[in-house]
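As C-alpha cells, the structure follows; a few thoughts come after it.
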C-alpha cells in the first residue's frame, strides 16, 4: 500500500484509465461525450480521460484509507454506477486488473508476487463494493 | 477475434526479448498465479510449489515454451497448439476461467520486466493474443 504514496501516483491514474479504453475498446461505450477516442494516441491525449482517471484514483485513495469498510465507503458510488451510469460490474474487474498491470509496469521488481496478491485482494474488494448496491 | 498485422508485429518483436528470459518469466508467472489465486493450486497437488522448486521452474518453462510456439505460428495458432488443446480438453480439464488468470499473471510479469516496451498498444495486442491462445486451448472442451 506504501506504493500509492509515491509521486508516480499522478501518472498512474491517467495511465490505468487510458489503458482500459485502449485494451478493451468496448468500454468506450460509457464515454460518448469524451470527444476523440478514435486511436490509442487520441485516448492518451484526451483531457477528459485524464480528468476522469484522476477521479477514479482519488476514490481508490479513499478505499485504501477505509479498507475495513469498502462497502460503506462505496455505497453512494455503487448506487450511482447502477442507477445513473448503468455500468456493468464486469467493468470494475477489468479496471482493477488494469491497475495491477500498470503498477507492475511502474514498479517493476518491487511489484513482487506477494505485493501483487495484496493488490488483487484490494481491487477485488473494491469491485465487490462497487457492485454491492446494484439492484 | 483475430490479430491485425500491427498486433502480430508487436507480439513477434517483443517475443524476441521475452524469450531471452523465458524460464524466469514462466516461473514468475506461476508464482504470481498461485499467490494471487490460491485456488489454482488445486490443479497441482502432485507438485512442490515452493519458490525455487524444480517442478515450478520446469512447468513454467513448459508454459512459456507453448506461448512461444503460438508466437512462431502466429498465423495458425490453432494448428500449433492442437495437441495441447486436446490435452487440456480430455486429460487436464482445467476450468476455462483459469486461462484468464494465467494470462493476467503473464501480462503482469511482462509489464514488470519490460516496462518500456509494454505500451498501451503492446498491452492490447498481448491481451488479445493470450485470449486467442486461451480459446484455442478450450475449444475442444465440449
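Chains as they are written, first to last, in the numbering used here: chain A, 1 to 135; chain B, 1001 to 1142. All C-beta atoms in this analysis are idealised placements derived from N, C-alpha and C, irrespective of residue type, glycine included. Model, not experiment: these values are computed from the prediction.
- A straight-line Cα-Cα distance of about 8 Å links residue 1137 (chain B) and residue 1086 (chain B).
- Contact note: residue 111 (chain A) reaches chain B through 1112, using a C-beta cutoff of 7 Å and chain order.
- Sorting A:54, A:90, A:78, A:102 by C-alpha distance to the C-alpha of residue 1122 (chain B) places A:102 at the top.
- Excluding its 5 nearest sequence neighbours in each direction, residue 1037 (chain B) has C-beta neighbours in its own chain below 6 Å: 1101, listed in chain order.
- Sorting A:62, A:33, A:83, A:100 by C-alpha distance to the C-alpha of residue 17 (chain A) places A:100 at the top.
- DSSP places residue 90 (chain A) inside the alpha helix (DSSP H), whose first and last residues are 90-107.
- For residue 1105 (chain B), the enclosing alpha helix (DSSP H) stretches over residues 1097-1113.
- In the structure shown, residue 1010 (chain B) falls within a helical segment according to DSSP collapsed to helix, strand and coil.
- Apart from sequence neighbours up to five positions away, the residues of its chain that approach residue 92 (chain A) with a beta-carbon distance below 6 Å are 127, 130, ordered along the chain.
- Here DSSP, grouped into helix, strand and coil, assigns residue 1094 (chain B) to coil.
- For residue 1080 (chain B), the uninterrupted alpha helix (DSSP H) segment begins and ends at 1077-1080.
- Annotated as proximal: residue 23 (chain A) and residue 1127 (chain B), with beta-carbon spacing under 8 Å.
- Between the stretch 1076-1086 of chain B and the stretch 1102-1116 of chain B there are fewer than three C-beta pairs closer than 8 Å, too few to call the two in contact.
- At least one CB of chain A lies nearer than 8 Å to the CB of residue 1124 (chain B).
- Taking one beta carbon from each stretch, the stretch 1022-1040 of chain B and the stretch 103-123 of chain A have 3 or more pairs nearer than 8 Å; the two touch.
- When Cβ-Cβ separations below 8 Å define contact, residue 105 (chain A) makes contact with chain B.
- Here the alpha carbons of residue 80 (chain A) and residue 1055 (chain B) stand approximately 48 Å from one another.
- At least 8 Å separates the CB of residue 96 (chain A) from every CB of chain B.
- Taking the Cβ atoms as the reference, residue 37 (chain A) lies roughly 10 Å from residue 27 (chain A), outside the contact range of under 8 Å.
- Burial check for residue 1028 (chain B): the Cβ neighbour count within 10 Å reaches 16 or more, so the residue is buried.
- Between residue 1125 (chain B) and residue 1010 (chain B), the C-beta spacing is below 8 Å.
- The shortest C-alpha to C-alpha distance from residue 124 (chain A) to any of A:105, A:29, A:96, A:42 is the one to A:96.
- Among the residues of the stretch 1088-1110 of chain B, those with a Cβ less than 7 Å away from any Cβ of chain A are 1104, 1107, 1108, in the order of the chain.
- For the stretch 1028-1061 of chain B, residues whose beta-carbon sits nearer than 9 Å to a beta-carbon of chain A comprise 1028, 1031, 1032, 1033, 1034, 1035, 1036, 1037, 1038, 1051.
- If you draw a straight line from the Cα of residue 1132 (chain B) to the Cα of residue 57 (chain A), it is about 31 Å long.
- DSSP, reduced to helix, strand and coil, places residue 1038 (chain B) within a helical segment of the structure shown.
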